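These notes are about the structure you will find just below.
Residue numbers (our numbering): 5 to 146.
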């Protein structure tokens, strides 16, 4: 009457290997997809020593105007012609009380393009324009 391994006994060990495989695959998927969830167009922002933290730019309803280094303009993820920028910004902000637009320009974009975008945004009746930058690393300054 021993309890060891005779015929007819069922072992009830749970095999966790498939669950671990699934968890690792999900982890890899999330690691790959998360950087792609950035709002708007990806640009290499200019770097400054003392940037102001603008948490409002991360809101889902924030209006972001992006300027790429090759002079293309985007509102959130939609490409827009510079001549249509003021009208489109005006349409997006028509029903909002907070009339703030954030500009994220590539650090190598032409200064004239940035000025032109800010001018068009101000013509659309925007109260506040935020220029987005990144913090300059200490190692780069030395």
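Don't be surprised by glycine CBs; every beta carbon is placed ideally from N, CA and C.
As the structure is a computational prediction, the values presented were derived from the model and not from experiment.
Proximity to residue i [Cα-Cα], best of the options
i, options, result
"residue 87", "96, 81, 77", "77"
"residue 60", "106, 125, 116", "106"
"residue 62", "91, 75, 83, 108", "108"
"residue 137", "57, 67, 12, 33", "57"
"residue 115", "30, 69, 73, 92", "73"
"residue 141", "134, 110, 53", "53"
"residue 91", "126, 20, 15", "126"
Backbone CA spacing between residue i and residue j [nearest angstrom]
i, j, result
"residue 131", "residue 45", "23 Å"
"residue 71", "residue 113", "7 Å"
"residue 89", "residue 102", "18 Å"
"residue 51", "residue 118", "15 Å"
"residue 79", "residue 37", "22 Å"
"residue 122", "residue 75", "14 Å"
"residue 22", "residue 35", "20 Å"
"residue 99", "residue 124", "19 Å"
"residue 24", "residue 85", "49 Å"
Residues that residue i bridges to, as DSSP identifies them
i, result
"residue 70", "78, 108"
"residue 12", "Answer by DSSP bridge pairing: none, since residue 12 is not bridged."
Any non-hydrogen atom of the ligand COA within 7 Å of residue i CB
i, result
"residue 110", "What this structure holds is no ligand at all, so the ligand COA is not there to describe."
Neighbourhood of residue i by C-beta distance below 6 Å, restricted to the same chain and skipping five residues each side
i, result
"residue 97", "103"
"residue 55", "137, 139"
"residue 48", "110, 111"
"residue 135", "107"
Cutoff 7 Å; reference residue i; Cβ partners in own chain excluding five residues on either side
i, result
"residue 94", "128, 129"
Cβ of residue i within 8 Å of any chain B Cβ
i, result
"residue 65", "Reference to chain B is not applicable here, since this structure consists of a single protein chain."
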